[in-house]
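The working numbering applies: residue 1 is where the sequence shown begins, and numbers increase by one. Ideal Cβ positions, reconstructed from N, Cα and C, are used throughout, including at glycine. Following: one structure in structure tokens, then a few remarks.
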Amino acid sequence: MEDNIVVAVSMITYNHENYISEAIEGVLNQKTNFKFKLYITVDNSPDNTVEVCKKYANKYPDIIELENFDKNKGSIGNWFYNLQKCQLANPKYIATCEGDDYWIDPLKLQKQVDFLDNNESYSIVTSKYYTKTGDNNLQEVDNRSFYQKNKLSFELSDYLIRNFTHTSTFLFRSNSILTNVPDWAFKVFAGDQTLMVLVAGNKKVKFLDDYLSVYRLHELSISQQTENTVRYDKYRYFLDNANKYTKYKYKKIFEIKTIINKLAYTTNNSATCKLYKKTKAMFFGNVYLPLYQVFKNT
Numbered sequence: 001m002e003d004n005i006v007v008a009v010s011m012i013t014y015n016h017e018n019y020i021s022e023a024i025e026g027v028l029n030q031k032t033n034f035k036f037k038l039y040i041t042v043d044n045s046p047d048n049t050v051e052v053c054k055k056y057a058n059k060y061p062d063i064i065e066l067e068n069f070d071k072n073k074g075s076i077g078n079w080f081y082n083l084q085k086c087q088l089a090n091p092k093y094i095a096t097c098e099g100d101d102y103w104i105d106p107l108k109l110q111k112q113v114d115f116l117d118n119n120e121s122y123s124i125v126t127s128k129y130y131t132k133t134g135d136n137n138l139q140e141v142d143n144r145s146f147y148q149k150n151k152l153s154f155e156l157s158d159y160l161i162r163n164f165t166h167t168s169t170f171l172f173r174s175n176s177i178l179t180n181v182p183d184w185a186f187k188v189f190a191g192d193q194t195l196m197v198l199v200a201g202n203k204k205v206k207f208l209d210d211y212l213s214v215y216r217l218h219e220l221s222i223s224q225q226t227e228n229t230v231r232y233d234k235y236r237y238f239l240d241n242a243n244k245y246t247k248y249k250y251k252k253i254f255e256i257k258t259i260i261n262k263l264a265y266t267t268n269n270s271a272t273c274k275l276y277k278k279t280k281a282m283f284f285g286n287v288y289l290p291l292y293q294v295f296k297n298t
């Protein structure tokens, strides 16, 4: 257990030797009036990721704690192992940033902590972000649905209907569930949505109208490598178990998402798959979401 850590930063990494420095620097550049610590877990990476991390850990031993696995845990296993380490450090809050993403606002943590300190009814703070492709092209991303573009306060149901943010923007209240993560959570594809379900509780999600991070898109990304059929099977598993975990409070959402995602991920035609995915995002954000808000209590 660490003393006086306000924010524990979770960073998992694998095959990120070309990106990890930028991720670590984004954390080290944070300007805060509180103590934070970065927990890096390297998933037995075959490249030089761990060597890069060691240089930073040796230079900043009071800020960085590094662990390298002898055997590969997989992205989800590493994810929840790292989050458990963060929780056991007894911080007030936990922030997440994977080793191929990075923070661009040196006041990211300060802004988010200031908000949660003064707003007990919220459990998580997120924001807008950029995506970055292999040609270093940055694109602004604001995934709030068309009719919610000016909305800054959300419920878990909003997020489940339309994932409007990215894990590199997350900061949330520490939660004891992270030391006893349910078994089903280790078998999913959607680690971001699983985490949101576990830690959001009955509190609200704050959306800051700032660009705080960069989500890097590249061929080594797990999300880019996973086949559609595998993605669907694991996502269906998430939907079924998240539905049970939330005691069927969001049953209507999970049922319609099961149908739509089957159409999106089980077709063998790539063009059709892309069309379904695009239609799915439009449907959930601009059609189903407003209807759900109207009829959710009926």
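The beta carbon of residue 102 sits closer than 8 Å to those of 19, 22, 23, 25, 26, 168, 213, 214, 216, all from its chain and outside the five residues before and after it, given in chain order. Take the alpha-carbon of residue 140 and the one of residue 211: they are about 8 Å apart.
For the stretch 102-181, the full-length beta strand (DSSP E) segments reaching 3 residues or more read 122-132, 138-141, 171-173 along the chain.
Note on geometry: alpha-carbon atoms of residue 142 and residue 129 lie some 7 Å from one another. Listed in chain order, the non-local C-beta contacts of residue 32 below 7 Å within the same chain comprise 109, 110, local neighbours out to five positions each way being set aside. Around the beta carbon of residue 125, a 10 Å sphere encloses 16 or more other beta carbons of the protein chains shown; the residue is thus reported as buried.
The three-state secondary structure of residue 217, taken from DSSP, is coil.
Our two residues, residue 117 and residue 157, have alpha carbons roughly 23 Å apart in a direct line. Counting other Cβ atoms within 10 Å of its Cβ, residue 83 reaches 16 or more and is therefore classed as buried. Here DSSP, grouped into helix, strand and coil, assigns residue 57 to helix.
Contact between residue 164 and residue 144 holds, with the beta-carbon distance rounding to 5 Å and staying under 8 Å.
Pairing residue 241 with residue 184 gives a Cβ-Cβ distance under 8 Å.
For the pair residue 259 and residue 239, the Cα-to-Cα distance works out to about 11 Å. If you ignore the 5 residues before and after residue 78, its C-beta comes within less than 6 Å of the C-beta of 12, 41, 43, all in its own chain and listed in chain order. The beta-bridge partner set that DSSP reports for residue 67 consists of 41. In the structure shown, residue 207 adopts extended strand secondary structure according to DSSP, grouped into three states. Among the bridge pairs identified by DSSP, residue 93 is matched with 7, 173. In this model, residue 232 and residue 189 are separated by some 9 Å (Cα to Cα). Rounded to whole angstroms, the Cβ separation of residue 121 and residue 249 is 18 Å, and the two are not in contact under 8 Å. Your pair residue 7 and residue 113 checks out as a contact, with CB atoms roughly 6 Å apart and the cut at 8 Å. Residue burial annotation: residue 151 is exposed, with fewer than 16 other C-beta atoms found within 10 angstroms of its C-beta. By the CB criterion at 8 Å, residue 37 and residue 17 fall outside the cutoff. Taking a C-beta distance under 8 Å as the contact criterion, residue 172 and residue 123 qualify as a contact pair. Judged by DSSP secondary structure, residue 79 falls within the alpha helix (DSSP H) whose first and last residues are 74-88. According to the DSSP assignment, residue 192 belongs to the alpha helix (DSSP H) that extends over 191-200. The shortest C-alpha to C-alpha distance from residue 63 to any of 132, 107, 4 is the one to 4. In the structure shown, residue 34 falls within a coil segment according to DSSP collapsed to helix, strand and coil. Between the alpha carbons of residue 153 and residue 131 lies a distance of about 23 Å.
Residue range 20-28 is occupied by the alpha helix (DSSP H) that includes residue 23.
The C-alpha of residue 119 is placed about 25 Å away from the C-alpha of residue 179. In the three-state reduction of the DSSP assignment, residue 258 falls in the helix class, which pools H, G and I.
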